[in-house]
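Novice: With the numbering used here as the guide, the letters of the sequence shown map in order to residues 101 to 286.
There's a structure below that I have some questions on.
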Amino acid sequence: LAKDYLGIGPIKAMAESMGVESPLEAHKTMVLGTSGMTVMDQATGYSVFAQNGFVGSRHGITQLVTRTGEVVYDWAKDAPPPHRVLSEKALKYMNTMLAAVPVIGTARRAQLPNIVVAGKTGTTQSYRDAWFVGFTGNYTAAVWLGNDDFTATNKMTGGSLPAMVWQRLMVYAHQNIDLKPIPGLD
């Protein structure tokens with residue numbers, strides 16, 4: 101349906117506007133996730149849902165300080181400001197659907213105690229790759245498990261080990277923090 105009503109070009113453009121840097125192949129099955137994408141791109145794209153429809157610059161370094169204490173780079177001050185790529189209405193629809201996946205869908209193993217979770221599982225043909233990309237109001241993370249040599253796993257799906265790894269990571273990350281709600285959810 102998406103390819104028929106929107107066309108491939110706008111779907112590719114939306115993914116790129118959400119921070120995806122992997123080269124996306126424009127073909128009919130791309131709406132199913134058939135283009136290769138890095139784990140970082142998965143996390144970056146899904147972070148838009150957690151950040152109220154805004155995309156920012158991804159980063160691994162938050163601050164650079166010389167040994168004398170001079171701050172030469174501070175991400176919070178020096179990064180370009182985020183900009184909106186999803187309307188509030190689109191965000192609400194997407195986050196409502198993504199929040200259902202851990203409750204009634206394929207990612208039940210990603211549930212966190214007393215914390216709302218949203219995300220999506222993914223499993224490639226022949227069980228070669230399995231993903232879970234999820235977020236809370238505080239954090240976004242992507243987990244990929246598979247074999248680098250393209251051999252099949254033992255029928256691993258995104259809702260199994262990847263969701264479990266994500267869940268354990270997030271239980272740890274959410275210790276002793278103020279919980280934020282997922283934007284767009286009532």
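Cβ coordinates follow ideal geometry from the N, Cα and C atoms, glycine included.
Model, not experiment: these values are computed from the prediction.
Determine the burial state of residue 101: buried for a count of at least 16 other Cβ atoms within 10 Å of its Cβ, exposed for fewer.
Specialist: Counting from one through the sequence shown, the residue named residue 101 turns up at place 1. Legend: pLDDT at residue 101 = 45, less than 50; position of this residue unreliable, value from coordinates given subsequently. Exposed: under 16 other Cβ atoms inside 10 Å.
Novice: Checking 8 Å against the spacing of the C-beta atoms, do residue 149 and residue 214 come in under that value?
Specialist: Taking the first residue of the sequence shown as 1, we reach residue 149 at position 49. Taking the first residue of the sequence shown as 1, we reach residue 214 at position 114. No, the pair does not count as a contact, with Cβ atoms beyond the cut-off.
Novice: Taking DSSP as the reference, what is the three-state secondary structure of residue 228?
Specialist: Here residue 228 refers to the residue found at position 128 of the sequence shown. Note: residue 228 maps to coil in three-state DSSP.
Novice: In chain order, what residues of the same chain have a beta carbon less than 6 Å from the beta carbon of residue 173, not counting five sequence neighbours either side?
Specialist: For the purposes of this step, residue 173 is taken as residue 73 along the sequence shown, with counting starting at 1. Closer than 6 Å at the Cβ level, and outside the excluded window around residue 173, lie 164.
Novice: Can you give, in chain order, each stretch of the alpha helix (DSSP H) that sits fully within the segment 183-207 and has at least 4 residues?
Specialist: With a minimum length of 4 residues, the continuous alpha helix (DSSP H) runs that stay inside the segment 183-207 are 188-204.
Novice: Can you tell me whether residue 240 is buried or exposed, with buried defined as 16 or more other CB within 10 angstroms of its CB?
Specialist: Counting from one through the sequence shown, the residue named residue 240 turns up at place 140. Classification of residue 240: buried, given that the 10 Å Cβ count is 16 or more.
Novice: Taking the beta carbon of residue 286 as the centre, do at least 16 other beta carbons fall within 10 Å, making it buried, or is it exposed?
Specialist: Reading the sequence shown from its first residue, position 186 is the one you call residue 286. So residue 286 counts as exposed.
Novice: Comparing C-alpha positions only, which one of 155, 178, 153, 147 sits nearest to residue 162?
Specialist: As a first step, residue 162 must be located in the sequence shown, where it is residue number 62. The shortest Cα separation from residue 162 among 155, 178, 153, 147 belongs to 178.
Novice: Would you kindly work out how many angstroms separate the C-alpha atoms of residue 160 and residue 184, rounded to a whole number?
Specialist: Numbered from 1 along the sequence shown, position 60 holds the residue referred to as residue 160. Numbered from 1 along the sequence shown, position 84 holds the residue referred to as residue 184. Taking the straight line joining both Cα atoms gives about 22 Å.
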